[in-house]
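Read through the structure below, which is laid out as structure tokens, and then see the notes.
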Amino acid sequence: MKTDKLKILNNRNLLTQKLRDFLCRYNATLLGIQESKRDNFERLPAPGNGLLHCFTVSVLFHNIGIFGKEGDYLDEIYPRLAALHMQLTNYLKKRDIEINGPNTQIAITIIPYADPYGTLNKSMPLYIRESRGQKVITSETLSKKSPYYANLIQKYSACSGVVTNNGTVVGPDGGLIGAACKVASTYPNKIRVLELGSGGGSTALALAIQNKIQSYLGNDFSPEMITHFQTEVAPQLTKYSVKSSVTFGSCFEFPLKNQVDLISIGVYFQTQPSLFEKRGHELVKCLDKSGVLIVQSGMLEDPFVTTLLSGSMTNNSIWPWYKKSYHLNNYFTYVSEYAIEQETVLITTNNLDKFQQITKLFIENNGFKKLSIANKY
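Residue numbers (this note's numbering): 4 to 380.
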């Protein structure tokens, strides 16, 4: 893998040429490549020096039907974007360049742009790779094997690792934990929390340790995570006098009835556009008048879902499958975007005072980077 990494990093023209050759097969044009680095917290332990070298590849697609023509984003659109990424991975692997794997230090993400003068042609086939949290890793193991998680645990105390059936580490979610703790600090009293995608329960435990949570309602579609919560997390929350319950099942079917102060969206990125399209108004009704919703919408190097939710990329409207109902501004007056613990988090509310409190808090804290802001008028 070291050879593959050096091959690309020592010769950027090689990567550019390989990408152009690949994209020609799909009637697409390479617009540009942006490089960045972050901690490789999806692998435990992370290979090499623990850092992931990321290439964000902007691509103009002349076939605007390549990712589908209509239908649900989760079922019809995302699987085609995933198919393109899989084809790219296979294409480069045959040329002795391995990316996006468990032992690599390189990740390439395609950010698609629709050609305004493009044509509606054949779509990619669907590629579906089921993924769910399957195994829990203790905070002690996380600390020993990852400097990133050791730092996270030092900040927030209680963090359990979550590994999927595909071997990817998807928790604890530092972005959501950091956002939840900061948002909770703007309330004078303990808050009521609802979380879709509760995972290992780290958000609830972090808030409990800070004495900022009154009650917690969770939901997850992994039976292993439900068992872990009931046997390990719930007893700890009880010690902090926190009422808690967690329900197994789909976030699309979880009953949204209770009034809460904070909603945390921890479901996979590809689920989020469909979730807000179908349940955005229901989520708003669950919030108290000063309530806040937070959503971890992507990695810093992969902003595509974030642009769908925030409406920050107007080019998205050219796609035939695009829906305005993905926009958070359909449901919330104030939407702001932050980089928290090397993840992208959107923070939303319909309360001006709460929005101003949160904005001031995050801007004043050098540990958080404010990326953008959108207001609905």
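No residue lacks a Cβ here, since even glycine has one placed at the ideal position from N, Cα and C. Remember, predicted model here, so these are calculated numbers, not experimental data.
### Query
How far does the alpha helix (DSSP H) with Pro238 in it reach, from first residue to last?
237-242
### Task
Just tell me which of Lys40, Pro115, Ser146 has its CA closest to the CA of Leu63.
Nearest of Lys40, Pro115, Ser146 to Leu63, Cα basis: Pro115.
#### Entry: Nearest neighbour of Gly74, chosen from Leu129, Ser315, Thr250 [CA to CA]
Leu129
### Query
With C-beta atoms as the reference, is Gly136 less than 8 Å away from Gly178?
Not closer than 8 Å, so no.
### Message
Please classify Asn398 as buried or exposed, where buried requires at least 16 neighbouring CB atoms within 10 angstroms.
### Response
Any property of residue 398 remains undetermined from this structure, which presents the chain solely from 4 to 380.
### Query
Are the beta-carbon atoms of Pro105 and Gly53 separated by less than 8 Å?
no
### Query
How should Thr59 be labelled, buried or exposed, when 16 other C-beta atoms within 10 angstroms of its C-beta is the threshold for buried?
buried
### Query
Fully enclosed by the stretch 241-305, which alpha helix (DSSP H) runs are 4 residues long or longer?
275-289
### Query
Is the beta carbon of Ile140 sitting closer than 8 Å to the one on Ser163?
yes
### Query
What's the call for Arg282, buried or exposed, on a 16-neighbour Cβ count within 10 Å?
Burial is judged here by how many other beta carbons sit within 10 angstroms of a residue's own beta carbon; Arg282 has at least 16 and is buried.
### Task
Determine the DSSP secondary structure at Arg15, reduced to helix, strand or coil.
helix
### Query
Taking Cβ positions, are His65 and Asp118 nearer each other than 8 Å?
yes
### Query
In angstroms, rounded to a whole number, what distance separates the CA positions of Ile266 and Val166?
The alpha-carbon atoms of Ile266 and Val166 are separated by roughly 23 Å.
### Task
Check each candidate in Arg15, Gln233, Tyr94, Gly301 and name the one with the smallest Cα separation from Val173.
Gly301
#### Entry: Continuous beta strand (DSSP E) stretch holding Lys138: start and end
136-140
### Asn16 classed as buried or exposed, judged by whether at least 16 other C-beta atoms fall within 10 angstroms
exposed
### Simplified DSSP assignment, three categories, for Glu79
Helix at Glu79.
### Query
Straight-line CA distance for Ala209 to Ser313?
About 27 Å.
### Message
Do Asn354 and Lys382 count as a contact pair if the criterion is CB distance below 8 Å?
### Response
Lying before the first or after the last residue shown, residue 382 is absent from the chain, which here runs from 4 to 380.
### Query
Per DSSP, what kind of secondary structure is His231 in: helix, strand or coil?
helix
### Message
Taking the alpha carbon of Tyr334 as the reference point, which residue from Leu91, Ala342, Ile321, Thr351 has its own alpha carbon closest?
### Response
Thr351
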